[in-house]
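Trainee: Here the sequence shown stands for residues -16 to -1, 1 to 1224, where the numbers follow mature numbering (1 follows the signal peptide of the UniProt record, and there is no 0).
By construction, the Cβ of each residue, glycine as well, lies at the ideal position given by its N, Cα and C atoms.
Here it is, the structure, as structure tokens.
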Amino acid sequence: MLCIVLLKTLIMICFICKIDVDTFSALAFHYKFMHFLDPLSIYECSESNCSQTFQNLNGLRRHIIRTHNNSSKLTAVNSDFNTNATVKPCHINTSSVPLIDTNLYTLNNNTNSPPLLNTNNFNLKEALHPLNVSAVKFSLQLHNNNNFSRKDILNIQSEISDKILNSIILLLKSTLLDKINDTLLISNTNMIIAEISSLFKYCSIFKYDEINTKGILFPLKFQFQKYYEKNDILIQTLQLYDNLNISDDNFLSNFIQGSLWKDKIKLFQNKIVLPYFIYIDNFEIKNPLGSNANFQSISAVYYSFPLSKNNSKISEIFLAALIKAKDLKNFGNDLCFKHLIDELNSLERDGISINTSCGKKNVHFILGLVIGDNFGLNLNKSLTQHLAVEDESMIRNIQTDVEINDFKLIGIYKECILNQIDSFHVTTNYCIDVMHDLFEGVCHYNVCHILQYYIFDVKIISLENLNNRKQYFNYGAIEIGNNSHTIEKHHLLKFHLKMSTREMMCFIHFLPLMIGDLIPNNDDTWLFFLNFLEIIDILMSHKLTQDLIACLKRLITKHNLDYVTLFKDTLKPKHHFLTHYPSIIQKSGPPRHFFALSLAKKCQLKFANYLLNDTKDDDVIKNDKHKIDCSYHEILTDKLGDKSYDCYSQLKFKVTMSQSYQLPDNCSNVFDNIGIDQNQPVDMLFPILENNEVKALLESWDLAFLHQTCINNYIDIPALKNMQVHHVEKLLLLYPLGVTIKFETSLMLWQKTLFVNISMDQNQLDMLFPTLGNNEVKSLLESWDLAFLLQTCINNYIDIPALKNMQSWQKTLSDDDINSLTEICESSTSTLPLSIPQSKTSFCLETVFEENNQCAYVIDYYGLHNCLNDSCRSIIVTAIINHIIKAKIPMFISLANVIGDTVVAKFPTELKDIYFIKDSINKTPKGKIYSKYFNTIKQLQNHGLVDKKMNQSNESNLPTNRSSSSYDNMIEIEDVDIYISQLHHEVLTWPEIEIIWSKITNYRLKNIKEEGNIFVNWKHFKEPMGYRLVNIDFKKIYPKCSFIENFEKSRSNLLTVLKEKIKDPSSKKQLDEMLKTSHLTENCKNAVLFFLLHSVFIPSSRKTTRDENGKISSKKFSIRDSQNSFVILGKTSAELEELISKKNTKIQPCLLIVGEINDPKQIMVYFDGIKYIINTIVKAIEICFNIFYVFNIEYPLESSNFWLFIQIYYFKIKTMYDKPCIQVNQTISQLKVYENYNIT
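Listed below in structure tokens is the structure:
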């Protein structure tokens, strides 16, 4: 059989041992005698890394002719593989073209391919060297597998030698040695047998002096050099470095983009500088008690490169040093870390020469961060291990705390050894530990509190149900291995779940899908959880923007405040650590890139303790393990992928922006129900978002940074045209209030211009507004001294009907003013200016002011502050009454009404009700004018200065009655009985109960009014979350009321009113204490504010009683009585129950507080024996007020003025049954002045 031979035009490479020869015939001879292959064996082409396989030798020959050589000179050789035949190649110069390479190859350190074979000389020892290399590679691969201990690997080697190699040796001896007579061949055969018998001679473990060895320092320069020379990684790193430096400053995606790195490299101008991180952690092996038992603890120092594309992978984290923990304790940090510090300084000062494809480059390495858990960091920074909550003003710096040598004052007992590194100081080590702070700290506290609330407090889910849902939840292929153990009650009570970091990440990520269908909408605890998920999502992002960092700061602040408010628990140190995260991210970049989870996994012996049964010293074992790992990765290059994700989980549902996680029963039908293909990209549904209309509009508003937010929420021009205020609040939920105000104002102005932009000429506009040409608006503006606004009104098409409907102006009009306006609008012919109606009785306020010199000060005060205080009002009223009495003008209701209108006309910010008000029930006039007049007349009568003739006016204390005029005309719905039956007999989730409840609200409100046994017919009121049902009913009656929102807007103004109006000494002292105490939460401050409001609205009612003898006695209520009817305080729950039981009369709805008013531990709303546990004082007051209206209950007499103020000012509710109160009206007027003129 002939085969074609290439004559010295190609280098033939053996695909088995990688040896190269010059001719194909030599290669065929090599396959026959060196590898015992026959013509029908499987061959592989190794030319130019081809790797194509063939079923026979002829196939390989044809492939080489067609593919790798088009002009080669060919000769024929006999390819008969007869072992007894002698090969005689024809036309081959054996002297110049030998058949076999006789030079043994050596291992190349830079590539994985074996060295070339020199054909001039043959050395058997060098030829056997690849056998030893293969044995070393095999052993290193076993050591790199954490499933094998060192003892297991030694056993494997021994078994291979005994069971396989010894059999091969016996075969060689029996087949070769007995038939070979040549002494040289016998010697060579014995050499081969000897090498096979000692195959693992280079695989023994390094030996150390286990007694005197205290630690191990690895050659960092050598490791750094080999790492960056492998696969030309340095060039790739420098390219990435340059790309990050020229990227947008608004993005942070790596450590080098932070301000900390930019400060470090200022002294290294025109030099190649790269960062690296050091991770310090303690671990323990051979101890069944765990890694924290300190039995044989070892401190390990690792390093990683933040510019590595796969720096989170374990293979990219390397060991730098090992030190016994007991030696650290005995000898101190300085001695143990001295050599490591010297090595790190050398890396920074001298750098390393690294070979690259572009030549040699000298690279300096600077320590970027020292990473570790809180214990490890503080241990190695010489800080106290008993961490305390920090204040931002107390952050460590070199000039202040560190240089103070006082352990009791600053908690630092000595200078840190790491400060000896040139470009590093512990006070600028801006590093955070998300793994331990968040997933092993804050997550446990938050999740345990949340689950306790839903399982034990409101009881919407049982612990057994939760565990079943968790166990049978579909985690998917990625997260299926991270399902945690069963949650038990003692885990929740101790605030520590039995979960690892990765299990906690999985659980908290899927918890909304596990129980979201049971959670009612807008639940405060659930909103807290959603806010927490947003924090996690931002912290685990690969890229962060400045907007996200600002958003993170707001979310963390809200999270910490809500944690204290909702759960009545103190913040833990790890909660406080979160407050520093935004500023640290600005300096060091996204915390995901120095996440301690991967670094902790690098301590592989942590989770392989049971596999290591060696008796050697722990640090020696770890050192051996690491050297073997480094050798394996140096020889076998690991091809790593570049795949990365923006979110910490591959699941891309952004549920953290929704109010609850209520999924439909059949998720696959969601898109079908709205006619959208599930596989259709979302961008295809909204194709108009890519235009620049929205962007241009936002730029004109100076709000261009909101463009991405609009894109994410699919806001286009049609959406902006129809956007309302509540839409703006949802869109800009995460932005500061100033941004929201600016966007809302710009949006409203833009929407108003849309009408003007309609293509309509001036004549058509004039046809629409025929009344603008008359002088009615002009006359009215002139009467107000605002004639300059006429053109503005014309431009905006403002006529008399438009003015009449302006709410802010309409509030300042009296009934007579409105009647006059009505007449003007109806007649459309009047040209007279609108003026204040005059009484038949002559009265001039200017004359009164001329007679009293103090009135000039009142005018000056109003001109300066644009409002009046109580002293100014007293001066005005006194001057008016003195003028009336001197002029002997009789007091009539019409005169008091005119005086009130005149004062309000003179001082527009004043409220007429302060000076005159007419009771709609008793028709009895009240107010400062009317009361002051008759009180003065009475005093004059008592002194005999005037006759005792005056009209007596009796006021009757009719009970407040809001008897359901709001829902007398409500329409009943169909199938009420079906819904009621479902509520009584079916097992429903709370969201399902609320849905049914809202459908039958009309029927229920009538039923409550007409029938008794409320809690028998509607038993769900007694449930822990029954207050939500009360809110549903109240919203049906008054859908526009927003108590909490109104209170937040006016809180600062209310505090100002309290400072001015509180006269009671004890109340004033309590207010001062609240203002001086800085650590009070918002909830505590709000509780004090509402408690002190009773000192402003002093009770005016009296309680009349008759004893057994028929004697009538009257009692006037005090401030303390008003406060006690509003809230019952008890230091403990038992004391609170005792106080409730001592009440002789039936208790009306009120608040119950365990603790002090300035430190409420628990807040409840009490109603007919039912106690609703509420998180905040503001929410509790809202629910208590709703109970009054839903169940048509009178206010307590003691605190009726307080509740009237809440009703009118915060809920904006006025009824015909409201009993007027001057204190309430005056306070509301003052608050409105503060609102209109931003006075604080």
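Could you tell me if asparagine 215 is buried or exposed, where buried requires 16 or more neighbouring beta carbons within 10 angstroms of its beta carbon?
Mentor: Exposed, by the Cβ-count rule.
Trainee: Are phenylalanine 267 and serine 288 closer than 8 Å when you measure CB to CB?
Mentor: Not in contact: phenylalanine 267 and serine 288 (Cβ atoms no closer than 8 Å).
Trainee: Report all residues from its chain with a CB closer than 6 Å to the CB of asparagine 116; omit the five preceding and five following residues, and keep chain order.
Mentor: Excluding sequence neighbours, asparagine 116 sits near Tyr186.
Trainee: May I have the straight-line CA-CA distance separating tyrosine 963 from histidine 577, to the nearest angstrom?
Mentor: Their backbone Cα atoms lie some 55 Å apart in a straight line.
Trainee: Of the choices Leu502, Ile401, Asn991 and Arg1086, whose alpha-carbon is the least far from that of isoleucine 1096?
Mentor: Ranking the options by Cα distance to isoleucine 1096, first place goes to Arg1086.
Trainee: Is the number of C-beta pairs between the stretch 1188 to 1198 and the stretch 1161 to 1171 that are closer than 8 Å three or more?
Mentor: The stretch 1188 to 1198 is in contact with the stretch 1161 to 1171.
Trainee: If you scan the stretch 150 to 218 from start to end, which runs of the beta strand (DSSP E) of 3 or more residues do you find wholly inside it?
Mentor: Listed in chain order, the complete beta strand (DSSP E) runs (minimum 3 residues) inside the stretch 150 to 218 are 199 to 201.
Trainee: Under a three-way DSSP split, which group does methionine 489 fall into?
Mentor: Methionine 489 falls in the helix class under three-state DSSP.
Trainee: Pairs of beta-carbons, one from the stretch 1062 to 1073 and one from the stretch 1139 to 1146, closer than 8 Å: are there three or more?
Mentor: The stretch 1062 to 1073, when compared against the stretch 1139 to 1146, does touch it at the 8 Å Cβ threshold.
Trainee: Does the beta-carbon of asparagine 706 have 16 or more other beta-carbons within 10 angstroms, so that it is buried, or is it exposed?
Mentor: Under this definition asparagine 706 is an exposed residue.
Trainee: Quick check: isoleucine 170 and isoleucine 164, are their CB atoms within less than 8 Å of each other?
Mentor: Yes, the pair counts as a contact, with Cβ atoms nearer than the cut-off.
Trainee: Beta carbon of phenylalanine 235, beta carbon of lysine 571: below 8 Å?
Mentor: Result no, Cβ atoms of phenylalanine 235 and lysine 571 do not sit closer than 8 Å.
Trainee: Ignore the nearest five residues each way along the sequence and tell me which others in asparagine 1001's own chain have a CB closer than 8 Å to its CB.
Mentor: Cβ neighbours of asparagine 1001 beyond the five flanking positions: Asn991 and Glu995.
Trainee: From lysine 1006 to tyrosine 846, what distance separates their C-alpha atoms?
Mentor: About 53 Å.
Trainee: How many angstroms separate the CA atom of glutamine 692 from the CA atom of lysine 1045?
Mentor: Distance between the alpha carbons of glutamine 692 and lysine 1045 is about 48 Å.
Trainee: What's the C-alpha gap between leucine 765 and glycine 722?
Mentor: If I take the Cα positions, the gap works out to 33 Å.
Trainee: CB-CB under 6 Å to tyrosine 438, same chain, minus the five flanking residues each way: which ones, in chain order?
Mentor: Only Ile444 and Ile445 meet the Cβ criterion.
Trainee: May I have the straight-line CA-CA distance separating leucine 477 from phenylalanine 440, to the nearest angstrom?
Mentor: When rounded, the distance between both Cα atoms is 11 Å.
Trainee: Beta-carbon within less than 7 Å of leucine 44's beta-carbon, same chain only, minus the 5 sequence neighbours each way: which residues are those?
Mentor: Excluding residues within five positions, the ones whose Cβ falls inside 7 Å are Tyr27, Cys29 and Phe38.
Trainee: What's the gap between the Cα of lysine 795 and the Cα of serine 1213?
Mentor: Residue confidence is low: lysine 795 scores 41 on pLDDT, short of 50, so the model does not pin down where it sits. Its coordinate-derived value is still stated next. Each residue's alpha carbon lies about 11 Å from the other.
Trainee: Taking 8 Å as the threshold (beta carbon to beta carbon), is lysine 983 in contact with chain C?
Mentor: Included in the structure is just one protein chain, with no chain C present.
Trainee: Given this structure, state the Cα-to-Cα distance separating aspartate 961 from glutamate 970, to the nearest angstrom.
Mentor: Going from the Cα of aspartate 961 to the Cα of glutamate 970 covers about 13 Å.
Trainee: At what residues does the alpha helix (DSSP H) containing lysine 308 begin and finish?
Mentor: It is not in any alpha helix (DSSP H) - lysine 308 instead sits in the beta strand (DSSP E) that spans 301 to 308.
Trainee: Which same chain residues, not among the five before or five after leucine 160, have their C-beta less than 6 Å away from its C-beta?
Mentor: For leucine 160, where only same-chain residues beyond five positions count, the Cβ hits under 6 Å are Thr173.
Trainee: Rank Gln530, Ile520 and Lys121 by C-alpha distance to the C-alpha of histidine 543 and give the top, closest one.
Mentor: Checked all of Gln530, Ile520 and Lys121; the closest Cα to histidine 543 is Ile520.
Trainee: Do isoleucine 338 and glutamine 209 have their beta-carbon atoms positioned less than 8 Å apart in this structure?
Mentor: Their beta carbons are under 8 Å apart, which means glutamine 209 touches isoleucine 338 by this criterion.
Trainee: Go through its chain and collect everything with a Cβ distance to serine 243's Cβ below 8 Å, but skip five positions before and after it.
Mentor: So the qualifying residues of the chain are Gln570 and Lys571.
Trainee: Can you list the alpha helix (DSSP H) stretches of 4 or more residues lying completely in the stretch 691 to 721, in chain order?
Mentor: Qualifying alpha helix (DSSP H) stretches, in chain order: 691 to 696, 701 to 705 and 709 to 715.
Trainee: Who pairs with aspartate 1143 in a beta bridge, going by DSSP?
Mentor: Glu1140, per the DSSP bridge assignment.
Trainee: Just grab the DSSP bridge partners of arginine 1090 for me.
Mentor: DSSP, once it has assigned bridges, lists Ile1096 as partnering arginine 1090.
Trainee: Compute the beta-carbon to beta-carbon distance between histidine 480 and histidine 428, rounded to the nearest angstrom, for a pair I have assumed lies under 8 Å.
Mentor: About 5 Å; that satisfies the 8 Å criterion.
Trainee: Going by CA-CA distance only, name the one from Glu1182, His867 and Met1058 that's closest to glutamine 1132.
Mentor: Taking only the C-alpha atoms, the option nearest glutamine 1132 is Glu1182.
Trainee: With distances taken Cα to Cα, identify the nearest neighbour of lysine 293 among Ile219, Asn150, Leu733 and Ala305.
Mentor: Answer by Cα proximity: Ile219.
Trainee: Among residues of its own chain, excluding the 5 on either side of asparagine 836, which ones have a beta-carbon nearer than 6 Å to its beta-carbon?
Mentor: Ala863.
Trainee: Note down the Cα distance separating glutamate 472 from methionine 1148, rounded to an integer number of angstroms.
Mentor: Their backbone Cα atoms lie some 28 Å apart in a straight line.
Trainee: Do the stretch 332 to 350 and the stretch 243 to 260 make contact, defined as three or more Cβ pairs closer than 8 Å?
Mentor: Contact between the stretch 332 to 350 and the stretch 243 to 260 is present, because at least three Cβ pairs lie under 8 Å.
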